[in-house]
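Using numbering that gives the first Met the number 0, the first residue of the sequence shown is number 0, and each one after it goes up by one.
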Amino acid sequence: MPHNPVNIGPHQCGNGQPLLLIAGPCVIESESLTLEIAERLVDITRGRADVSLVFKASFDKANRTSIESYRGPGLERGLEILARVKSTLGVCVTTDIHEPQQAAPAGEV
Numbered sequence: 000m001p002h003n004p005v006n007i008g009p010h011q012c013g014n015g016q017p018l019l020l021i022a023g024p025c026v027i028e029s030e031s032l033t034l035e036i037a038e039r040l041v042d043i044t045r046g047r048a049d050v051s052l053v054f055k056a057s058f059d060k061a062n063r064t065s066i067e068s069y070r071g072p073g074l075e076r077g078l079e080i081l082a083r084v085k086s087t088l089g090v091c092v093t094t095d096i097h098e099p100q101q102a103a104p105a106g107e108v
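Here you go:
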């Protein structure tokens, strides 16, 4: 069966390609914890030709069941933290957005 790989940043996804692991915490709790988790994921996947890593964490978990629940650091601070993960560890990062105007700033990271 033919396959058409999809490029996501420097990674290719599809049949015959390495597993693309998109992993990270549900929500950014703090910069230090986010970096610690990212470092651990990089350590786990480093040197493995069969796994590529994209780090994912949310800056705003708007879908909480209680308004009292922690939602995250917000767009600006959350993207700063993701940019730090990317620059410090050299790993691709992604996040989810909730409003169209968040797409451009998120895309810059």
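Every residue, glycine too, gets a C-beta built ideally from N, C-alpha and C.
Okay, do the stretch 38-52 and the stretch 62-75 touch, 3+ Cβ pairs below 8 Å being the bar?
no
Assuming contact is defined by CB atoms lying nearer than 9 Å, are V108 and L88 in contact in what I supplied?
Here residue 108 is taken as the residue at index 109 of the sequence shown, counted from 1. Here residue 88 is taken as the residue at index 89 of the sequence shown, counted from 1. No.
Counting pairs of Cβ atoms below 8 Å between the stretch 37-47 and the stretch 68-78, do you hit three or more?
no
Using a 10 Å radius around the Cβ and a threshold of 16 neighbouring Cβ atoms, would you call A56 buried or exposed?
Mapped onto the sequence shown, residue 56 falls at position 57. It counts as buried.
Enclosing beta strand (DSSP E) for S51 [first to last residue]:
Here residue 51 refers to the residue found at position 52 of the sequence shown. Note, S51: beta strand (DSSP E), V50 to K55.
Can you grab the Cα-Cα spacing for the pair A103 / L78, in whole Å?
As a first step, residue 103 is located in the sequence shown; it is residue number 104 there, counting from the start. As a first step, residue 78 is located in the sequence shown; it is residue number 79 there, counting from the start. Cα to Cα, A103 sits roughly 11 Å from L78.
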